[in-house]
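The next block holds one structure in the form of structure tokens; read it before the comments.
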Amino acid sequence: MEDLSELYKSYANEVKTFLILLTSNVDLAEELTQETFYQAVKSIHRYNGECKLSVWLCQIAKYTYYNHLKKERKNKHLSIENIMQMGLDIPSNHDGPDVEVIKRNTLILIHQKIHLLKEPYREIFLLRTSSNFSFKEIGEIFDKSENWARVTYYRAKTSLAEKIEGDDYEL
Numbered sequence: 169m170e171d172l173s174e175l176y177k178s179y180a181n182e183v184k185t186f187l188i189l190l191t192s193n194v195d196l197a198e199e200l201t202q203e204t205f206y207q208a209v210k211s212i213h214r215y216n217g218e219c220k221l222s223v224w225l226c227q228i229a230k231y232t233y234y235n236h237l238k239k240e241r242k243n244k245h246l247s248i249e250n251i252m253q254m255g256l257d258i259p260s261n262h263d264g265p266d267v268e269v270i271k272r273n274t275l276i277l278i279h280q281k282i283h284l285l286k287e288p289y290r291e292i293f294l295l296r297t298s299s300n301f302s303f304k305e306i307g308e309i310f311d312k313s314e315n316w317a318r319v320t321y322y323r324a325k326t327s328l329a330e331k332i333e334g335d336d337y338e339l
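Every number in the numbering used here is 168 more than the matching position in the sequence shown, counting from 1.
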């Protein structure tokens, strides 16, 4: 038990800071920090030492946040824009090698899921999020109406959210 207390004392502030940057919510970050260490204790046998302990804990924190978003989405309709921002809004003055690894892994996961979308969902989603095209412009590109573009984008977001939520984030 003393080792767990030392683990918490050594890494809680780092994990909490990471979660504050990820969530932009101090209260939520504190709650998720507690959950992160609970999950870490449950899965400590899986830590193999291949990465720094702080990186491992931040990965657990990230997936704890993902699980929180999944639960919240069931309670209220969470936009895919929030999911897209996971790991991307960390200010550059806080970037370190550990944060960069987590941000990169998050980006890779999201882009893998985007590429699983069927056409025209994938293209419309990318036109809207990456190229900032308006719905009117997207409709014109596809020779369709603005409303068609809105509906198709909504369906693409829903499909992407389902693909992301379909992952098992338990560590």
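Ideal Cβ placement from N, Cα and C applies to all residues, glycine included.
Whose C-alpha, out of the options, is nearest the C-alpha of residue i?
i, options, result
"residue 327", "199, 302, 297 and 282", "282"
"residue 175", "196, 205, 192 and 185", "205"
"residue 172", "296, 184 and 212", "212"
"residue 202", "271, 184 and 277", "184"
"residue 297", "311, 277 and 325", "325"
"residue 291", "274, 275, 273 and 310", "310"
In three-state DSSP terms, what is residue i?
i, result
"residue 177", "helix"
"residue 215", "coil"
"residue 260", "Summary for residue 260: the model assigns pLDDT 49, below 50, so the residue's position carries little reliability; its value from the coordinates is reported in the next sentence. In this structure, residue 260 counts as helix in the three-state DSSP scheme."
"residue 313", "coil"
"residue 283", "coil"
"residue 186", "helix"
Measure the alpha-carbon distance for residue i versus residue j and round it to whole angstroms.
i, j, result
"residue 303", "residue 314", "5 Å"
"residue 227", "residue 293", "27 Å"
"residue 214", "residue 323", "38 Å"
"residue 222", "residue 286", "37 Å"
"residue 196", "residue 180", "14 Å"
"residue 209", "residue 295", "43 Å"
"residue 299", "residue 178", "42 Å"
State the start and end residues of the unbroken alpha helix (DSSP H) segment that holds residue i.
i, result
"residue 195", "194-210"
"residue 304", "303-309"
"residue 291", "289-297"
My guess is that residue i and residue j are in contact by the Cβ rule of under 8 Å, so how many angstroms apart are they, rounded?
i, j, result
"residue 233", "residue 190", "6 Å"
"residue 236", "residue 200", "6 Å"
"residue 332", "residue 317", "Actually they are not in contact, since the Cβ atoms of residue 332 and residue 317 sit about 22 Å apart, beyond 8 Å."
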